[in-house]
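Heads up, the final residue of the sequence shown is numbered 149 in UniProt numbering, and it's a clean run with no missing numbers. Glycine residues also receive a C-beta, built at the ideal position from the N, C-alpha and C atoms.
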Amino acid sequence: MLILGWQAQIESSYMAFTVNIEPELEMQLQLEAAKHGIDVNDYIVKAIQERLLRDQKNEIPCLSESESELLQKINLGLSVEMWQRYRVLIEKRRDEKLTPDEQNELIQISDQLEELNASRMEHLIKLAQIRNLSLRDLMQQLGITPTDI
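As structure tokens, this is what we get:
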């Protein structure tokens, strides 16, 4: 077993390391450094940097296909125009100025909202189970909060 020492430049200062390595690894490092035409110490620092960068990239969370599908279903909702109409009808109802046709329209939109919300909750529960989270924690993680109309 050989001892290899090197210094790495970190933010304008150097940090020294001593690493015990097997002779086979030392030979492999020297051969690879020679192939690249650089000093073995520089090769080792570069290899460590590349490995750390690759590990950081692997930490980026990737969604499974089922998570992605569930999130798409969770995000389904009324169009902006439908929400605007719903709010107008709610306001008219509060002011007691709702016509019978508008009352029927409000009921239809409310039924549609109820179906969407029930479906959304089913999908949220499935996603929470996949991620081993409580429903409350998942909703907090996704930034889902109740909205007053």
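Close CB contacts of R131 within its chain, under the 7 Å cut and outside five residues either way in sequence, are with L138 (chain order). Sequence-distant Cβ neighbours of E67 in its own chain, meaning closer than 8 Å and more than five residues away, are L127, I130 and R131. Contact annotation: D39 and A33 have beta-carbon atoms nearer than 8 Å.
Remark: C-beta atoms of L63 and Y43 do not approach each other more closely than 8 Å. Residue state for I38 is assigned as coil, using DSSP reduced to three classes. Taking the C-beta atoms as reference points, L78 is found nearer than 8 Å to Q112. Taking a contact as a CB-CB distance under 8 Å, the pair L116 and L76 counts as one, their CB atoms being some 7 Å apart. Residue environment for L124: buried (at least 16 other C-beta atoms within 10 angstroms of its C-beta).
With distances taken between CA atoms, Y86 lies nearest to E102 out of I74, K97, E102 and Q56.
Just measuring C-alpha positions, the residue of Q72, N104 and Q49 sitting nearest L142 is Q72. When DSSP states are grouped into helix, strand and coil, I107 belongs to the helix group.
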